Structure formats: structure tokens, C-alpha cells
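In this note's numbering, the protein residues as written are 872 to 1329. Here a beta-carbon is modelled for each residue, glycine too, at the ideal position from N, C-alpha and C. From a predicted model like this one, the values you see are computed outputs, not experimental measurements.
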Ligand SMILES: Cc1ncc(COP(=O)(O)O)c(C=O)c1O
């Protein structure tokens, strides 16, 4: 029995009510001996259960089912019923409905403050000199353990390279592994910052169309089998939020293995999947180590933190290390110390779990508001996750004009057609909803642009 089974078993007992809040659970050593598994196996399962708030550890008094546990189906995040924000405070912000910004009102300030103070207080003289190029070791360990537990990877801390985020990841990967002539494939439509950056740093850039099953891997195999890199958003495509189908995942992995090519997996918001179980990363299927996994704390914590990471395939570690010493300076140490503590104490798992429930509710609110305000303007192809909604235009192609109108009203949505390069464009608005607090508030925001939207499109 592995840690995943032990974790799942306890979770199921708790959810089914067979174990009640406050119930004692066996000591790690006792359970390990009863199940005849290594202590570490039980310890890992317990760590996740503690991290997710199912268990609490009471030191010498042992471990119990969290006495304050409220099960997900019954849980109502405090903010969900908060009254709509006043008009005045809305105007003070820099714009609403922005994409990919975590719920700023739900940031765990208290915990963050406590951990930050401790991290600053305990800064040792040797830590004040230069940060390690590949990152603060405890953070590399915490990230590896998080990815192995939550995203299905099987990586070692030595494979983690901490960076300042997505663009730093792409730059570093290509600097270390690519020749200028190497063919790089990017999704079409695709993340505009990726597209803009690659146009500058990858002279041999090509595009692969995306449909409802994600990147069209058949197209890649037919027209560009000789590509060296494929940059892909398999869990939630950016921006269509569709998931790369399992057969295509296997096709892509097989292609990379046979051609000695690299897949760069951008798992920017894989944590936020709502209608089914969270989908494991593509990297979890990568037996031949051809996937360079990239992640970020921008969606789970805050974009301003500027901490991202990549998982180096084992055979590339030496090359990343050698070139890293020349190209990189290491990331600021203090945020890394704080994050490491935040993860290892389980706050990160708890936070994500809360956000998953909150975003699911906020997504529903936003959809309801859109359907009430614009029943004859937009249509939706609902996907299972992500942090934004794509509202497709029912008619016409004027999404750029529409986005401009909305932006004039401080609604910072983006036109879908702007994300396309060569494939036949689709038209609509890409709308962030993670900072919506109620249907009423969302409707009030949409009403700002209602008259002009109708005048343009109807
Ligand atoms: C598709 C995609 N990838 C990656 C990122 C993460 O970017 P960064 O780590 O630079 O904040 C984002 C953030 O908006 C994104 O939309």
C-alpha cells in the first residue's frame, strides 16, 4: 500500500462520516507496522491529510481528525456572501475582471506575516551573502514534495530550478538546451506573453492549432515531426481552458521520445480544476523524462511574488547547473524562505483547497451575471477548470472593439482573437472572475458596459 492509498482511505472514511471530527487516528509508527509499510509512507499520507486540513497533529498527544473540519460540500467561504463592494472602492482599483489574478481578498495575510517575520528573524549570516543559483534548498524540497503529491510527478529536489516565473523559465530552457536553428512549436491560440517572447528568442517558431481536445498533436506529427521543442498547456489550455486528451498526451510523449525532442509543460493553473478530480500533470506520464515541467506561484499565491520553477529532466541537470552559473544570479532569498515554510507547514495545501472551492463559486457567479446581462451576446463552452471564462460572441467578429469598450469602463478583459496567430480565429472575451464577490457585484460591473455592448453588437 502506498501513501496515496492511505491518504485516499482516510479521506473516504472522513467524507463518509465513518471518522468524525476530533476522532483519534493511529500513531504513524503503529499504522506503519500494522500495514507493513515504511514509516515514511504513512508519514507522507498524514502530511497531506494535515496539509489539506483533514487531520491535525497535536504533538505528543498524537493526531486527530480536525475537530473544526467542515466538509467541502458544506463549506461556504466567508467571502462568498459578502455584500457587493461599494462603487467607490471599485473605482479605486486598477480594473476588474483581470485574468489570472488570484483572489486578493482571500490571501492568507496573517499566516504570511507570521512566517515572514520568522524568516527575517532567523536569517543567518551565511544566508546574507549570495543565494544558491538553483534555489533555496528547503524550497526545492518543498516544491518537489508538493509536485509529487499534488501533481503526480516523481521528481527529486535536485531537479527543481527556482526562477522568477514563466518567461524566465522559457528563456533559461532555450538558452540551455536549444540551438538557434531548433524548431519550436507553440499553441495557436496561445499565451500572448509566451508568443511574444518566443518570437524574439526562437527564430524557427511554428504554431500548432488547438481544438476542444487541446493541442492538435496529429497536426504536429504530420507537419513538424522534426520539431525540437513543443510548448504546451495540457491541463488547461491558455486561453481556451480545454484539457489535452489522454490519447494526445500519449501521442505527444511518444513523439518526444522517438525524436529526442522536449516538451515544455506550462502547468500555470493546474491546481484549479473543479468538476472532476484534479488532473495529474502531463509530466506524471513521462516515463522517458522528455518533459520539462514549469510552474509558478503567481496563480496560487500572487503574481508580484515572482517565484516560478522548472523541473529539469535528470540528464539535463549538469547543463542547467553549468549555464545557470553564468546566466543566473539566484532568486532573492527571503521570499524563498517564506514560501518554503509556508509549504512545509501545510498552509499552501490548505490555501489551494480553499481557493478551489471559492473559485468554483465565483465562476458560477460570473457565469450567471453574464447570462443574465448578455443572454443574446455570448455563448459558453464550459470547461472543467482554470481561472477565467471564455465568452464567445454569438455573432460577428468585433471582439477587439468590444474589449476596448469594456476596458474604457475599467473592465480589463481581453479579446480572444488577439491570442491567435495563423489558425482560423474565434471571437469573444477572455474574462477573469477570481475576484468577483457576488452575482450582484458582477452584474453591476457588466452593466457599466451594457449599453455600449448592445449598441455595437445588436
Ligand atoms: C499561460 C500562462 N503561463 C504561465 C503564466 C505564469 O506567468 P508568471 O510565472 O510569469 O507569472 C501565466 C500567467 O498569467 C499564464 O497565463
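Checklist entry - Which two residues bound the contiguous beta strand (DSSP E) that contains residue 1262? => result Here the beta strand (DSSP E) through residue 1262 covers 1259-1264.
Checklist entry - So the alpha helix (DSSP H) residue 1195 belongs to, where does it begin and stop? => result Segment 1188-1198, the alpha helix (DSSP H) holding residue 1195.
Checklist entry - What is the DSSP secondary structure of residue 1230, counted as helix, strand or coil? => result Helix, per DSSP.
Next on the checklist: Suppose you measure from the CA of residue 1228 to the CA of residue 1308; what does that come to, to the nearest Å?
Outcome noted: When rounded, the distance between both Cα atoms is 13 Å.
Next on the checklist: Please report whether the beta-carbon of residue 1109 lies at a distance below 7 Å from any beta-carbon of chain D.
Outcome noted: Protein chains in the displayed structure number just one, and chain D is not present.
Next on the checklist: So, does the segment 1182-1202 touch the segment 1050-1057, judging by three or more C-beta pairs under 8 Å?
Outcome noted: The segment 1182-1202 makes no contact with the segment 1050-1057; the number of CB pairs closer than 8 Å stays below 3.
Next on the checklist: Suppose contacts are defined by Cβ-Cβ distances below 7 Å. Is residue 1088 in contact with residue 1128 by that definition?
Outcome noted: At the C-beta level, residue 1088 and residue 1128 stay beyond 7 Å of one another.
Checklist entry - Is residue 1240 closer than 7 Å to residue 1317 when the C-beta atoms are compared? => result Going by beta carbons, residue 1317 and residue 1240 fall inside the 7 Å limit.
Next on the checklist: Restricting to Cα atoms, I'd like to know which of 968, 1040, 903, 983 is closest to residue 1178.
Outcome noted: Residue 1178 has its Cα closest to that of 1040, out of 968, 1040, 903, 983.
Checklist entry - Straight-line CA distance for residue 905 to residue 971? => result Looking at the backbone, the Cα of residue 905 and that of residue 971 are separated by about 46 Å.
Item to check | Where residue 1142 sits in the DSSP three-state scheme | outcome: In the structure shown, residue 1142 sits in coil (DSSP, three-state: anything other than H, G, I, E or B).
Next on the checklist: Using CA atoms only, rank isn't needed, just tell me which of 1301, 1278, 1329 is closest to residue 965.
Outcome noted: Measuring C-alpha to C-alpha distances from residue 965 to each of 1301, 1278, 1329 identifies 1278 as the nearest.
Checklist entry - For the alpha helix (DSSP H) that residue 1161 lies in, which residues bound it at each end? => result Judged by DSSP secondary structure, residue 1161 falls outside any alpha helix (DSSP H); it is assigned neither H nor E.
Next on the checklist: Looking at the secondary structure, which residues open and close the alpha helix (DSSP H) in which residue 1063 lies?
Outcome noted: For residue 1063, the enclosing alpha helix (DSSP H) stretches over residues 1063-1072.
Checklist entry - Comparing alpha-carbon positions, which option in 1211, 1101, 997 lies nearest residue 1044? => result Of 1211, 1101, 997, the residue nearest in Cα terms is 1101.
Checklist entry - Would you say residue 1139 touches ligand 1, meaning its beta carbon is less than 6 Å from a heavy atom? => result Between ligand 1 and the CB of residue 1139, the shortest heavy atom gap is smaller than 6 Å.
Next on the checklist: Residues in the same chain with beta-carbon distance under 8 Å from residue 1008, minus the five sequence neighbours each way, listed in chain order, please.
Outcome noted: 1028.
Checklist entry - Relative to the alpha-carbon of residue 1260, which residue among 1172, 1306, 1138 has its alpha-carbon at the smallest distance? => result Of the residues 1172, 1306, 1138, the one whose Cα lies closest to the Cα of residue 1260 is 1306.
Checklist entry - Which of the three DSSP states, helix, strand or coil, is assigned to residue 967? => result Residue 967: strand per DSSP, three-state reduction.
Checklist entry - ligand 1 heavy atoms versus the CB of residue 1062: any closer than 6 Å? => result Look at residue 1062: its beta carbon is less than 6 Å from one of the heavy atoms in ligand 1.
Item to check | Cutoff 7 Å; reference residue 1313; Cβ partners in own chain excluding five residues on either side | outcome: 1236, 1237, 1240, 1307.
Checklist entry - Helix, strand or coil: how does DSSP classify residue 1078 here? => result Look at residue 1078 here: in three-state DSSP terms it is strand.
Item to check | Extent of the continuous alpha helix (DSSP H) to which residue 1057 belongs | outcome: It is not in any alpha helix (DSSP H) - residue 1057 instead sits in the beta strand (DSSP E) that spans 1055-1059.
Next on the checklist: Just to confirm before moving on: does the CB-CB distance between residue 922 and residue 1217 stay below 7 Å?
Outcome noted: Yes.
Item to check | residue 1180: first and last residue of the uninterrupted beta strand (DSSP E) it sits in | outcome: In the DSSP assignment, residue 1180 falls within the beta strand (DSSP E) that extends over 1179-1182.
Next on the checklist: For residue 1024, tell me which candidate among 907, 1304, 1153 has the shortest Cα-Cα distance.
Outcome noted: Comparing Cα-Cα distances from residue 1024 to each of 907, 1304, 1153, the minimum goes to 1153.
Checklist entry - To which residues does DSSP link residue 1240 through a beta bridge? => result Residue 1240 pairs with nothing; no bridge assigned.
Item to check | Per DSSP, cross-strand counterpart(s) of residue 1133 | outcome: In DSSP, residue 1133 forms a bridge with 1100.
Next on the checklist: Checking 7 Å against the spacing of the C-beta atoms, do residue 1176 and residue 1151 come in under that value?
Outcome noted: The answer is no: Cβ separation not under 7 Å.
Item to check | Three CB pairs or more closer than 8 Å across the segment 1185-1192 and the segment 893-909 | outcome: No: fewer than three Cβ pairs fall under 8 Å.
Item to check | Residue interval of the beta strand (DSSP E) (run including residue 935) | outcome: Counting along the chain, the unbroken beta strand (DSSP E) around residue 935 starts and ends at 934-936.
Checklist entry - Assuming residue 1124 and residue 1161 make a contact with CB atoms under 8 Å, what is their CB distance in whole Å? => result Sure, about 7 Å apart at Cβ, within 8 Å.
Next on the checklist: Quick check: is any heavy atom of ligand 1 less than 6 Å from the C-beta of residue 971?
Outcome noted: For ligand 1, at least one heavy atom lies less than 6 Å from the Cβ of residue 971.
Next on the checklist: For the beta strand (DSSP E) containing residue 926, name the first residue and the last one.
Outcome noted: It spans 926-928 - the beta strand (DSSP E) in which residue 926 sits, taken as one unbroken run.
Checklist entry - Thinking just about the alpha-carbon of each residue, which of 1302, 1300, 1219 is nearest to the one in residue 986? => result Comparing Cα-Cα distances from residue 986 to each of 1302, 1300, 1219, the minimum goes to 1219.
Item to check | Cβ-based burial, residue 992 [other Cβ within 10 Å; buried from 16] | outcome: Label assigned to residue 992: exposed.
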